[in-house]
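Here the sequence shown is numbered in UniProt numbering, starting from 1 and rising by one per residue.
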Amino acid sequence: MPRLLAAIDDLHGASARFLFASWRSDWEARTDHDHLAILAALRGGDVDTAAATLARHVQWIGERRVTTPSGRTREAFAIVG
Numbered sequence: 001m002p003r004l005l006a007a008i009d010d011l012h013g014a015s016a017r018f019l020f021a022s023w024r025s026d027w028e029a030r031t032d033h034d035h036l037a038i039l040a041a042l043r044g045g046d047v048d049t050a051a052a053t054l055a056r057h058v059q060w061i062g063e064r065r066v067t068t069p070s071g072r073t074r075e076a077f078a079i080v081g
């Protein structure tokens with residue numbers, strides 16, 4: 001379990017770097033509900049719930065069409081949730 005929690009910490013750091021590197025003024029506020037639920041399940045020893053929550057959470061990663069300040073549209077990486 002310590003290795004899994006360390007991997008989650010590493011992913012969280014990478015996510016933060018991505019957020020700062022791709023910040024836009026129209027960025028949608030994210031909730032950390034899934035992150036907290038995953039960590040709570042792991043800390044409580046409920047690996048099945050943690051895995052199910054993580055599986056649902058990562059399905060939200062993908063691309064979406066965004067409008068640039070100039071009015072043009074383009075595909076952008078998005079983390080929805």
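From the three backbone atoms N, C-alpha and C, an ideal C-beta is built for every residue, glycine too. Note that the structure is a prediction, hence the values are computed from the model and not measured.
| query | result |
| --- | --- |
| Cutoff 7 Å; reference THR49; Cβ partners in own chain excluding five residues on either side | ALA41 |
| Anticipated Cβ contact below 8 Å, ALA37 with THR53, distance rounded | 5 Å |
| Backbone secondary structure at ASP46 - three-state DSSP | coil |
| Close-in-space but distant-in-sequence residues of the same chain around ASP46 (CB under 7 Å, 5 per side omitted) | none |
| One or two residues paired with VAL66 in a DSSP bridge | ARG74 |
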